[in-house]
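Everything on this sheet refers to the single structure shown next.
Below, the structure is given as structure tokens:
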């Protein structure tokens, strides 16, 4: 089995990679029969020489590899027929802009394994960059506060080398007393953001304390779906009931919005779930949220102030609740929004190292143990020029009917 680490070709350039040099060396040691080649790249966060130093072969030709590993979508003209490919294809939600990519994958007889489809039997994702989205998203949110209030200044995350450096910068800042931070979510994204809050020694408080008490220090509260949603019939059941019957619930988020200064959105938003807060909610006099770091970044969706994604170059914009439109973030009536949708790109070294660790633990063994846990079988989207049964729902998308 020959694995190839491909060069990232999508624009804007992405410096991340599936495996760092050290992780590839570890892969080689754990699975001595595996052959590995890295495609030469002048973009990647790790230089070619760093791979050759670990005795990993660097090449300009990937045609002799069986399995090709990348991060972002591979341009159609760069796809090599009859290979197994792993990358984020952004097709599983029928994204219109990548229909031609999936059609090309089928016509070139490629086996596609999307990183998002690599899951446990219960559907829980095994790999991803979520933790680093949370880490950078929280940092960027604090940076937005500093830029707005002019009370402190943080360098851009992309100019720093590691999570450690981000934390070092955050530990220098001072926020006003009584400042309250709300964090939604219970997955890798939310826990990535939590790492930063804890590293800043910000006190975590319970839901009851957060809602009812005034503190003379900065505090944060981490909440899950049943904290900010309630059943319309008043029953209290469990998270599973919410996931299975989101239509039976309504938002209970406003009670948090009334006491929150800075909201970090690290939740996953499922189809049919109630919006956290609407445009009408944001107009209310008791709506207190001034800063939003929307790491989840669902556009025109559950977080009403997120009306577009922002970019690494221009990460912040303002949302005017009464005018329902974008304004400069310095506008005194604006909700300050950070909604960068490719946050891990700002920390490519750490993100790549973390991703490789998960990939080595959860995916590579499947190639050498006859896929005993079904990881590859569940993740395979295409085979022999057709969609697999699990992903047959994409046929109308390929046919251009949606």
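In my numbering, the protein residues as written are 878 to 1279.
Idealized CB from N, CA, C, for every residue including glycine.
Task: For residue 1213, the residue or residues it bridges with in DSSP - done: Note: residue 1213 sits in a beta bridge opposite 1168 and 1195.
Open item on the list: Can you give me the C-alpha to C-alpha distance between residue 1030 and residue 1019, rounded to a whole angstrom?
Closed with: Taking C-alpha positions only, residue 1030 is separated from residue 1019 by approximately 9 Å.
Open item on the list: For a quick check, are the C-beta atoms of residue 976 and residue 1176 less than 9 Å apart?
Closed with: No; because the gap between Cβ atoms is not below 9 Å, this pair is not in contact.
Task: Helix, strand or coil at residue 990 [DSSP, three-state] - done: Reduced to three states, the DSSP call for residue 990 is strand.
Task: Own chain residues within Cβ distance below 6 Å of residue 1224, not counting five before or after - done: For residue 1224, where only same-chain residues beyond five positions count, the Cβ hits under 6 Å are 1009 and 1013.
Task: Counted within 10 angstroms of its Cβ, other Cβ atoms place residue 953 as buried (16 or more) or exposed - done: By the C-beta density criterion, residue 953 is exposed, having fewer than 16 other C-beta atoms within 10 angstroms.
Task: Sequence-distant residues of its chain with Cβ nearer than 7 Å to residue 1160 (five each side left out) - done: So the qualifying residues of the chain are 1198 and 1199.
Open item on the list: So for residue 1093, helix, strand or coil by DSSP?
Closed with: Three-state DSSP puts residue 1093 in coil, outside helix and strand.
TODO: Would you mind sorting residue 1254 into buried or exposed? The rule is 16 or more other CB atoms within 10 Å of its CB.
DONE: Counting Cβ neighbours within 10 Å, residue 1254 comes out exposed, since fewer than 16 surround it.
- [ ] Note down the Cα distance separating residue 1273 from residue 1149, rounded to an integer number of angstroms.
- [x] The alpha-carbon atoms of residue 1273 and residue 1149 are separated by roughly 22 Å.
- [ ] Name, in chain order, the residues that DSSP records as bridge partners for residue 1240.
- [x] Answer is none; residue 1240 lacks a bridge partner.
Task: Alpha carbon of residue 915 to alpha carbon of residue 947, nearest angstrom - done: Going from the Cα of residue 915 to the Cα of residue 947 covers about 11 Å.
TODO: With DSSP as the reference, please indicate the residues paired to residue 1108 in a beta bridge.
DONE: According to DSSP, which records beta bridges pairwise, residue 1108 is partnered with 1126.
Open item on the list: Classify residue 1045: buried if its beta carbon has 16 or more other beta carbons within 10 angstroms, exposed otherwise.
Closed with: That one is exposed.
Open item on the list: Let's see if you can read the secondary structure: which residues bound the alpha helix (DSSP H) around residue 1009?
Closed with: Looking at the DSSP string, the run of the alpha helix (DSSP H) that includes residue 1009 is 1007-1026.
Open item on the list: With three or more C-beta pairs closer than 8 Å as the rule, is the stretch 1134-1146 touching the stretch 1051-1061?
Closed with: Touching, yes, given that three or more Cβ pairs across the two stretches are closer than 8 Å.
- [ ] Note down the Cα distance separating residue 995 from residue 1003, rounded to an integer number of angstroms.
- [x] Each residue's CA atom was taken as its position, placing residue 995 and residue 1003 some 6 Å apart.
TODO: Figure out for me which residue from 1270, 1263 and 1279 has the closest Cα to the Cα of residue 980.
DONE: Nearest option by C-alpha distance: 1263.
- [ ] Please classify residue 961: does DSSP put it in a helix, a strand, or coil?
- [x] Judged by DSSP in its simplified three-state form, residue 961 adopts strand.
Task: Spatial distance of residue 960 from residue 1244 (CA atoms) - done: Between the alpha carbons of residue 960 and residue 1244 lies a gap of roughly 15 Å.
Open item on the list: Closest to residue 963 by C-alpha separation, out of 1109, 974, 1182 and 942, would be which residue?
Closed with: Residue nearest to residue 963 within the set 1109, 974, 1182 and 942 is 942 (criterion: CA-CA distance).
Task: Span separating the alpha-carbon of residue 1222 from that of residue 1037 - done: Separation of residue 1222 and residue 1037 (C-alpha to C-alpha, rounded to the nearest whole angstrom) is 12 Å.
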